[in-house]
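Enquirer: Numbering (this note's numbering), first residue to last: 10 to 229.
Cβ atoms here follow ideal geometry from the backbone N, Cα and C, with glycine treated the same way.
Below: one structure in structure tokens.
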């Protein structure tokens, strides 16, 4: 028999086989399970966003050789963090040559539903060396932090959007955000919280911030 005829006969047998009502009834759950597995594998291999596991430490702002370190635990959706953002900008304008600033994620997910994904997005931007630019964008657009917004900000900063979107959609940075959060858990209760050389700052208001920095610098 020619190959074409064999294929036709084979397809006819398959149709008859699977249309057998008794077969379908008997193996219904097996068939459903097999279809679910096939669908899952298809999604996993052909649809799911993928991104390599890249560990890129967040850059230090200010003087990387400074002996006075400001550590900020913050949340991109937190209104108080948005207010503190302007204070930190002023502080860094005045002290950038004498202090260094490191940023730690502490998203309060119970009240800020977009905060964790925004933190992930900043880490994705960091892979393209734009952490602080992207963080600025988030703090100045705190009421617009949906996934679509996060991707638009990446595009507006000229990032490689294909890489950024894959990074964000794959949750590749979840463990790094979680690591920052775990570092702060137990020693801070809310955001923003600042430490100067390991000592917790009681208030982030400008006058208090400046006085604490001056005291730390005078101890050198």
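With a threshold of 7 Å on Cβ separation, who are the neighbours of residue 56 within its own chain once the five nearest residues in sequence on each side are excluded?
Expert: Your numbering for residue 56 matches position 47 in the chain shown. Its pLDDT being 49, under 50, residue 56 is placed unreliably in this model, and the coordinates cannot settle the point.
Enquirer: Counting only the same chain and skipping the five closest in sequence on each side, list residues whose C-beta sits under 8 Å from that of residue 137.
Expert: Walking along the chain shown from the start, residue 137 turns up at place 128. Same-chain partners within the cutoff: 168, 169, 172, 173.
Enquirer: Since residue 215 and residue 99 are thought to touch, with beta carbons under 8 Å apart, how far apart are those beta carbons, to the nearest angstrom?
Expert: Numbered from 1 along the chain shown, position 206 holds the residue referred to as residue 215. Numbered from 1 along the chain shown, position 90 holds the residue referred to as residue 99. Residue 215 to residue 99, Cβ: 6 Å. Contact.
Enquirer: Output the distance between the C-alpha atoms of residue 185 and residue 224, rounded to the nearest integer angstrom.
Expert: By 1-based counting over the chain shown, the position of residue 185 is 176. By 1-based counting over the chain shown, the position of residue 224 is 215. Cα to Cα, the separation comes out at about 33 Å.
Enquirer: On the three-state DSSP scale, how would you describe residue 99?
Expert: For the purposes of this step, residue 99 is identified with residue 90 of the chain shown, where counting begins at 1. Residue 99 falls in the helix class under three-state DSSP.
Enquirer: Rounded to whole angstroms, what is the Cα-Cα separation between residue 157 and residue 69?
Expert: Residue 157 sits at position 148 when you count from the first residue of the chain shown. Residue 69 sits at position 60 when you count from the first residue of the chain shown. So the alpha carbons of these two residues sit roughly 28 Å apart.
Enquirer: Using C-beta distances below 7 Å, list every residue in its chain close to residue 121, excluding the 5 sequence neighbours before and after it, in chain order.
Expert: In the chain shown, the residue the question calls residue 121 occupies position 112. If we look at residue 121 and ignore the five residues flanking it on each side, its Cβ neighbours are 84, 86, 87.
Enquirer: Taking DSSP's pairing of strands, which residues face residue 82 in a bridge?
Expert: Translated into the one-based positions of the chain shown, residue 82 becomes position 73. The partner list for residue 82 (beta bridge, DSSP) reads 113, 202.
Enquirer: Below 6 Å CB to CB, which residues in the same chain sit around residue 142 once its five sequence neighbours on both sides are set aside?
Expert: Residue 142 sits at position 133 when you count from the first residue of the chain shown. Once the five neighbours on either side are set aside, the close Cβ partners of residue 142 are 166.
Enquirer: Which same chain residues end up closer than 7 Å to residue 191 when comparing Cβ atoms and leaving out the 5 residues on each side of it in sequence?
Expert: Here residue 191 is taken as the residue at index 182 of the chain shown, counted from 1. Within the same chain, residue 191 has no close Cβ partners at all.
Enquirer: Going by C-alpha distance, which of 72, 133, 187, 154 is nearest residue 102?
Expert: Locating residue 102 in the chain shown gives position 93, counting from the first residue. Residue 102 has its Cα closest to that of 72, out of 72, 133, 187, 154.
Enquirer: Please say whether residue 89 and residue 201 have beta carbons closer to each other than 9 Å?
Expert: As a first step, residue 201 must be located in the chain shown, where it is residue number 192. As a first step, residue 89 must be located in the chain shown, where it is residue number 80. Their beta carbons are under 9 Å apart, which means residue 201 touches residue 89 by this criterion.
Enquirer: With 16 as the cutoff for other CB atoms within 10 Å, does residue 64 come out buried or exposed?
Expert: Numbered from 1 along the chain shown, position 55 holds the residue referred to as residue 64. Residue 64 should be labelled exposed.
Enquirer: Using only the alpha-carbon positions, how far apart do residue 194 and residue 210 sit?
Expert: In the chain shown, the residue the question calls residue 194 occupies position 185. In the chain shown, the residue the question calls residue 210 occupies position 201. Roughly 16 Å separates the two Cα atoms.
Enquirer: Scan the segment 172–218 and note each continuous alpha helix (DSSP H) run of 4 residues or more that stays entirely inside, going in chain order.
Expert: If we require 4 residues or more, the alpha helix (DSSP H) runs fully inside the segment 172–218 come out as 183–193.
Enquirer: Return the chain-ordered list of same chain residues with a C-beta closer than 6 Å to the C-beta of residue 159, the five sequence neighbours on each side being excluded.
Expert: As a first step, residue 159 is located in the chain shown; it is residue number 150 there, counting from the start. Correct list, in chain order: 130.
Enquirer: Less than 9 Å between the C-beta atoms of residue 197 and residue 115, yes or no?
Expert: Counting from 1 along the chain shown, the entry for residue 197 is found at position 188. Counting from 1 along the chain shown, the entry for residue 115 is found at position 106. It is a contact, given that the beta carbons lie within the stated cut-off.
Enquirer: Buried or exposed: where does residue 91 fall if 16 or more other Cβ atoms within 10 Å of its Cβ makes it buried?
Expert: For the purposes of this step, residue 91 is identified with residue 82 of the chain shown, where counting begins at 1. Classification for residue 91: buried.
Enquirer: Classify residue 80 as buried or exposed, calling it buried when 16 or more other Cβ atoms lie within 10 Å of its own Cβ.
Expert: Locating residue 80 in the chain shown gives position 71, counting from the first residue. Buried, because 16 or more other Cβ atoms sit within 10 Å of the Cβ of residue 80.
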